[in-house]
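Here the sequence shown is numbered in the working numbering, starting from 84 and rising by one per residue. The C-beta atom is built at its ideal place from N, Cα and C for all residues, glycine as well. Heads up: the structure comes next, in structure tokens.
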Amino acid sequence: MGLFSKNISAFSDEQLMDFFISKGHNKYIEELYKRYSPKLLGYFFRMLQGDSQKSEDLLQDLFLKVIERKQQFDINKKFYTWIFTIASNMCKSDFRKLENRNTTYDYPIEKIPFEYESNLFDKIEFKIALKKGINELSHVHKVVFILRYNEGFSVKEIAQIAEVSEGTVKSRLYYATQNISQYIKEFSPINESHVFKIN
């Protein structure tokens with residue numbers, strides 16, 4: 084029973100990268116693409132104004148970077164943190180380009196991270212208010228908010244991805260949630276502390 088007798092889907096992300104680095108077979112990176120492309124595409128879509136084409140393009144560019152930078156990966160660390168760090172830096176570069184063109188982000192309303200449970204009209208109004216609150220955030224605050232509440236990363240993981248301290252992440256999350264809460268408090272004042280649980 085050797086390495087190739089084991090189903091490739093049974094290997095961890097880190098093992099797949101280790102095999103890809105040492106053996107270079109495309110099937111390892113293809114398995115990682117299958118595992119992560121939907122989640123990363125969603126992340127790009129949320130960060131890049133809901134631009135589907137740009138999100139698709141950046142997803143392809145991201146995996147090219149993974150291939151080109153494979154030697155930089157530390158197999159003793161989590162693959163998903165590493166790849167989201169690259170993705171986050173790509174979004175940061177795109178944001179700077181938009182800033183130079185005086186263009187603002189528009190958070191896709193259909194990708195709100197949680198819902199207000201009430202009638203349809205209230206739910207729509209809640210999403211609009213939440214979207215407005217998110218759109219008012221600066222890029223650095225929006226990044227930590229989306230990584231936490233859309234992608235489900237822990238504070239420690241976000242710190243690694245954003246390359247800042249955990250204290251900075253908590254501070255940015257606090258600022259982001261406090262600002263967004265001002266937009267949605269009339270819809271969900273009771274549930275704010277549950278919805279915006281930082282730790």
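Taking C-beta atoms under 8 Å as the contact rule, Arg118 and Asp96 qualify, at a distance of about 7 Å. CA-CA distance, Gly235 to Asp157, rounds to 23 Å. Inter-residue distance for Asn109 and Ala93 is about 17 Å (C-alpha atoms, whole angstroms). Out of Ala212, Gly250 and His222, the CA that lies nearest to the CA of Lys268 is found in Ala212. Under the DSSP assignment, Gln154 falls outside any alpha helix (DSSP H); it carries neither an H nor an E label. With respect to the C-alpha of Gln265, the residue from Val227, Ser237, Leu220 and Lys253 having the closest C-alpha is Leu220.
Secondary structure at Lys210: helix, using DSSP grouped into helix, strand and coil. Using a 10 angstroms sphere on the CB of Asp177, the tally of other CB atoms reaches 16 or more, which defines it as buried.
Going by beta carbons, Ser171 and Val226 fall inside the 8 Å limit.
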